[in-house]
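What follows is a single structure, written as structure tokens, with notes after it.
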Amino acid sequence: MRFHFYQFLKLILLAAFAFFLIQLHHTGDIVKLINPKYVLMSQVAAGVIVLLFFVQLGRVWQGNADEHASCAPGCTEDHDHKQSYVKRCVSYLVLLFPLCTGFGLDLTSLDATIAKNKGSLLPQGENAYQEEPSSNPPTLDENKPIPNNNYLTDEEYEQKMGRLNDDVVEMNEDIFASYYHEIEENPHKYKGKTIQMKGFVYKEEGLDFNQLVVARFLITHCVADARVIGWLSESDQAVQFIENTWVEVHGVIDVGEYNGVELPIIQIKEINPIPEPANPYIFPILTKVL
Numbered sequence: 001m002r003f004h005f006y007q008f009l010k011l012i013l014l015a016a017f018a019f020f021l022i023q024l025h026h027t028g029d030i031v032k033l034i035n036p037k038y039v040l041m042s043q044v045a046a047g048v049i050v051l052l053f054f055v056q057l058g059r060v061w062q063g064n065a066d067e068h069a070s071c072a073p074g075c076t077e078d079h080d081h082k083q084s085y086v087k088r089c090v091s092y093l094v095l096l097f098p099l100c101t102g103f104g105l106d107l108t109s110l111d112a113t114i115a116k117n118k119g120s121l122l123p124q125g126e127n128a129y130q131e132e133p134s135s136n137p138p139t140l141d142e143n144k145p146i147p148n149n150n151y152l153t154d155e156e157y158e159q160k161m162g163r164l165n166d167d168v169v170e171m172n173e174d175i176f177a178s179y180y181h182e183i184e185e186n187p188h189k190y191k192g193k194t195i196q197m198k199g200f201v202y203k204e205e206g207l208d209f210n211q212l213v214v215a216r217f218l219i220t221h222c223v224a225d226a227r228v229i230g231w232l233s234e235s236d237q238a239v240q241f242i243e244n245t246w247v248e249v250h251g252v253i254d255v256g257e258y259n260g261v262e263l264p265i266i267q268i269k270e271i272n273p274i275p276e277p278a279n280p281y282i283f284p285i286l287t288k289v290l
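Note that the sequence shown ends on residue 290 in UniProt numbering; no numbers are left out.
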């Protein structure tokens with residue numbers, strides 16, 4: 001029996017990846033990285049890595065006969081060192097990088113800084129607005145948003161959408177994006193309605209002192225495809241709230257113009273700071289087929 005150092009390194013890497021994934025699921029931080037509908041897939045991946053760990057365990061200590069089982073008689077080559085040292089180092093460094101960043105960096109939520117990097121949320125002019133590809137924002141039929149692992153039947157979905165006709169529009173996380181797209185498309189229909197919503201403060205260059213955006217990140221698959229949605233809001237208290245502050249807003253839906261483009265505007269009646277939610281993102285709806 002002989003100890004194989006490189007096989008041992010592979011064992012350690014498998015253990016580290018398994019521990020990292022299990023830790024993300026245990027703490028619930030996994031939903032800060034991927035859409036919750038992929039959580040089960042991620043759990044299966046963690047299980048496969050654990051299985052590979054036990055398979056690899058038997059390769060750390062291996063006899064010479066096992067090494068040359070598929071070789072011609074008289075083979076004395078050390079198969080554990082066929083790859084060059086440089087190639088081995090590169091391959092292990094590639095695997096170590098995500099582990100180092102995963103364990104070494106704090107897992108923080110997307111914020112206004114990331115929103116700025118993704119480009120302007122508000123229209124920059126009538127022409128720019130019209131030329132925006134129609135495939136960018138998900139339509140109501142193609143992407144009915146709801147968070148977490150909540151599934152809705154078509155009937156349940158229609159019931160929730162019907163609540164838009166109530167006197168007060170409550171922008172709950174489980175239907176936030178569906179309401180958002182509906183009001184964006186038909187702002188005059190909902191003008192004058194009271195609205196309640198939660199989000200983080202986002203301020204673009206060019207906003208007046210009494211303007212801010214109450215925004216949320218919509219994630220379809222993972223944080224890499226996150227995009228910002230939110231409404232321009234107006235309040236005399238806007239200047240008191242810095243970017244990334246989480247707030248709860250009570251206001252009235254109005255219709256106004258920004259850079260020559262008509263859009264919904266929230267006239268804030270009450271705004272209060274709140275703690276950041278445990279899960280700050282919103283996700284597409286998962287329709288249950290009965």
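Using N, Cα and C, we set each Cβ at its ideal position, and we do this for glycine too.
Quick caveat, the model's predicted, so the values are computed rather than measured.
Out of the options, state which residue places its alpha-carbon closest to the alpha-carbon of residue i.
{"i": "residue 244", "options": "273, 267, 235, 43", "result": "273"}
{"i": "residue 277", "options": "248, 96, 9", "result": "248"}
{"i": "residue 163", "options": "179, 88, 61, 184", "result": "179"}
{"i": "residue 41", "options": "93, 25, 283", "result": "25"}
{"i": "residue 283", "options": "105, 172, 158", "result": "172"}
{"i": "residue 59", "options": "281, 188, 9", "result": "9"}
{"i": "residue 84", "options": "188, 6, 235, 157", "result": "6"}
{"i": "residue 52", "options": "184, 18, 186", "result": "18"}
{"i": "residue 207", "options": "86, 235, 184, 281", "result": "235"}
{"i": "residue 202", "options": "106, 93, 102, 231", "result": "231"}
{"i": "residue 219", "options": "280, 159, 198", "result": "280"}
{"i": "residue 255", "options": "88, 103, 190", "result": "190"}
{"i": "residue 56", "options": "28, 161, 4, 165", "result": "4"}
{"i": "residue 47", "options": "28, 37, 23", "result": "23"}
{"i": "residue 227", "options": "110, 54, 89", "result": "110"}
Just the C-alpha distance for residue i and residue j, rounded to the nearest angstrom, thanks.
{"i": "residue 43", "j": "residue 11", "result": "20 Å"}
{"i": "residue 194", "j": "residue 30", "result": "35 Å"}
{"i": "residue 95", "j": "residue 175", "result": "39 Å"}
{"i": "residue 216", "j": "residue 49", "result": "34 Å"}
{"i": "residue 45", "j": "residue 21", "result": "9 Å"}
{"i": "residue 211", "j": "residue 167", "result": "25 Å"}
{"i": "residue 61", "j": "residue 2", "result": "5 Å"}
{"i": "residue 269", "j": "residue 98", "result": "46 Å"}
{"i": "residue 154", "j": "residue 285", "result": "11 Å"}
{"i": "residue 251", "j": "residue 91", "result": "55 Å"}
{"i": "residue 182", "j": "residue 257", "result": "18 Å"}
{"i": "residue 259", "j": "residue 233", "result": "15 Å"}
{"i": "residue 148", "j": "residue 170", "result": "Any answer about residue 148 is weak, because its pLDDT of 42 lies below 50 and its placement is not dependable; what the coordinates show is given next. Taking the straight line from one Cα to the other gives about 18 Å."}
{"i": "residue 275", "j": "residue 246", "result": "6 Å"}
{"i": "residue 103", "j": "residue 93", "result": "15 Å"}
{"i": "residue 39", "j": "residue 101", "result": "21 Å"}
{"i": "residue 37", "j": "residue 106", "result": "24 Å"}
{"i": "residue 187", "j": "residue 159", "result": "20 Å"}
{"i": "residue 184", "j": "residue 89", "result": "53 Å"}
{"i": "residue 165", "j": "residue 237", "result": "29 Å"}
{"i": "residue 27", "j": "residue 161", "result": "33 Å"}
I think residue i touches residue j, with their Cβ atoms under 8 Å apart; what is that distance to the nearest whole Å?
{"i": "residue 192", "j": "residue 253", "result": "7 Å"}
{"i": "residue 209", "j": "residue 239", "result": "5 Å"}
{"i": "residue 213", "j": "residue 205", "result": "With 8 Å as the limit, residue 213 and residue 205 do not qualify as a contact, their Cβ atoms being about 12 Å apart."}
{"i": "residue 177", "j": "residue 242", "result": "Going by Cβ atoms, the distance from residue 177 to residue 242 rounds to 25 Å, so no, they are not a contact pair."}
Let me check you understand the geometry: is the CB of residue i closer than 7 Å to at least one non-hydrogen atom of the ligand ADP?
{"i": "residue 89", "result": "Here there are no bound small molecules, and the ligand ADP is not part of this structure."}
Any 3 or more C-beta pairs closer than 8 Å across the region 33-43 and the region 205-223:
yes
Jot down the residue ranges of each uninterrupted beta strand (DSSP E) in the region 142-203, minimum 3 residues, whole runs only, in chain order.
168-170, 194-202
The region 252-271 / the region 14-27 touching (three or more Cβ pairs under 8 Å)
no
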